[in-house]
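Those sequence lines, one after another, are chains X and L.
Each residue of the first sequence is one higher than the last, beginning at 0 in numbering that gives the first Met the number 0.
Each residue of the second sequence is one higher than the last, beginning at 0 in numbering that gives the first Met the number 0.
A short write-up of the structure that comes next.
2 protein chains.
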Amino acid sequence: MEIKQKRMTKQKKLIMDTLASTTCHPTADWIYQSVRKNIADISLGTVYRNLQVLKEEGKIQELNYGKNQSRYDGNPQLHYHFVCESCGCVLDFNLDNKAMLSLILPAAPGSVHTHRLEVYGICQDCLKKHF
Amino acid sequence: MEIKQKRMTKQKKLIMDTLASTTCHPTADWIYQSVRKNIADISLGTVYRNLQVLKEEGKIQELNYGKNQSRYDGNPQLHYHFVCESCGCVLDFNLDNKAMLSLILPAAPGSVHTHRLEVYGICQDCLKKHF
DNA sequence: GTAATTGCAAATAATTTGCTGGGTG
DNA sequence: CACCCAGCAAATTATTTGCAATTAC
């Protein structure tokens, strides 16, 4: 389950760069298709292995809100996600963290380590186009 | 993808009752093992089909926060979940919904339909036992 | 009676893993 | 040049689905 990794391979570097350069929150397969343009014979297993490693290193986040497929987020900072129910895109947003914690801490049935919030609705683009 | 159902079968009723009578947030397989005690030849496929139907009817919620396996919650009301990182249990909790929405609405990049929050930490039981 | 729903088993889909050769440090 | 990590393909896991038989209404 836990993977240790010490070397920087070109595959790992490319996966990191790919995640860092996109604002979408891609699936493993999207990343695979993307990095394949540069390293044609990279394997999907390698993509999964490196995503796992990067997650353990705290460099990326794995998102799996209510989907059968995980998405990956190149931004490891605590932030929140807005999922568009029309186009399926996942957008980042921030909100007042202190206020959020002051809501959560008194209510939580235990000591709090971290938290995740996702909001579902219709994004600005879809609102303009379809509604 | 979408399933319509009109009849109340003993299988469906038992699955509803099982979910209503537990405070844990069981997996499909846990539910299957549980209902099998009463209907020995029920199939896992039927459990999945009925969970899907109950979800569409708004009678239960599916939870799949960061896990490879979905859990089901017999309480369809908006509420929040606390996941214990020690024992893995999932506890319900509530918090001031108006305050939560007043945090989210100004920050969200679109029109908000619903939201989900899970908090990770150590539950009271584990705090007493292990920490 | 008849159409919805079940049980069964095979199909899917995403992800993980064992093995061996290749490339990094 | 040692051993970590990639590629490949097969394995695993959760879930879904097609079909004939059963059952609720």
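From the three backbone atoms N, C-alpha and C, an ideal C-beta is built for every residue, glycine too.
CB residue 117 of chain L to CB residue 64 of chain L, shorter than 8 Å? yes
Check whether chain L comes within 8 Å of residue 9 of chain X, counting only Cβ atoms and requiring the distance to be less than that. no
Contact the stretch 5-22 of chain L vs the stretch 58-76 of chain L: 3+ CB pairs below 8 Å: yes
Partner residues on chain L for residue 120 of chain X, Cβ-Cβ distance less than 7 Å: 107, 109, 110, 111, 112
Leaving out the 5 sequence neighbours to the left and right, which residues in its chain are closer than 8 Å to residue 0 of chain L when beta-carbon positions are compared? Any reading at residue 0 of chain L must be qualified, since the residue scores a pLDDT of 49, below 50, and its modelled position is unreliable; the value itself is stated next. Nothing meets the Cβ criterion.
With DSSP as the reference, label residue 121 of chain X as helix, strand or coil. strand
Let me check you understand the geometry: is the CB of residue 54 of chain L closer than 7 Å to at least one non-hydrogen atom of the ligand GDP? The ligand GDP is absent from the structure shown, which contains no ligand whatsoever.
Using alpha carbons as the reference points, say which of X:32, X:121, X:104, X:7 lies closest to residue 120 of chain L. X:104
Since residue 92 of chain L and residue 107 of chain X should fall inside the 8 Å C-beta cutoff, what is the C-beta to C-beta distance between them, to a whole number of angstroms? 6 Å
Hey, does residue 51 of chain X have any beta-carbon neighbour from chain L nearer than 8 Å? no
Tell whether a beta-carbon distance below 8 Å holds between residue 122 of chain L and residue 109 of chain X. yes
Status (buried if at least 16 other CB within 10 Å, exposed otherwise) for residue 68 of chain L: exposed
For residue 65 of chain L, return the contacting residues in chain X, with the cut-off set at a CB-CB distance below 8 Å. 61, 63, 115
Would a check of beta-carbon distances place residue 147 of chain X closer than 8 Å to chain L? There is simply no residue 147 of chain X to check, as chain X begins at 0 and stops at 130 in what is shown.
Is residue 0 of chain L close to chain X, meaning its C-beta is less than 8 Å from at least one C-beta of that chain? With a pLDDT of 49 at residue 0 of chain L, under the threshold of 50, the modelled position of this residue cannot be trusted; read the value that follows with caution. It does not: the Cβ of residue 0 of chain L has no partner Cβ on chain X nearer than 8 Å.
With DSSP as the reference, please indicate the residues paired to residue 92 of chain X in a beta bridge. X:79
Element boundaries [alpha helix (DSSP H), containing residue 48 of chain X]: 43-55
So the candidates are L:36, L:96, L:11; which of them puts its Cα closest to the Cα of residue 115 of chain L? L:96
Name the chain L residues that come within less than 8 Å of residue 83 of chain X, Cβ to Cβ? 109
Strictly below 8 Å CB to CB, what residues from chain X border residue 74 of chain L? Within 8 Å Cβ-Cβ: nothing; residue 74 of chain L doesn't reach chain X, min ~15 Å.
Excluding the 5 residues flanking residue 33 of chain X on each side, which residues of the same chain have their C-beta closer than 7 Å to its C-beta? 17
Identify which residue in L:112, L:124, L:49, L:126 has its Cα closest to the Cα of residue 81 of chain X. L:112
Considering only the beta carbon of each residue, do residue 27 of chain L and residue 13 of chain L sit closer than 8 Å? no
What residues of chain L sit near residue 95 of chain X, judged by a beta carbon separation below 9 Å? 102, 106
Do you know how far the Cα of residue 11 of chain X is from the Cα of residue 165 of chain L? The structure shown does not extend to residue 165 of chain L, since chain L is modelled only from 0 through 130, so no value can be given for it.
Taking Cβ positions only, does residue 27 of chain L come closer than 8 Å to chain X? no
Any beta-carbon of chain X closer than 8 Å to the one on residue 68 of chain L? no
Looking only at DSSP bridge pairs, what is residue 113 of chain X linked to? L:119
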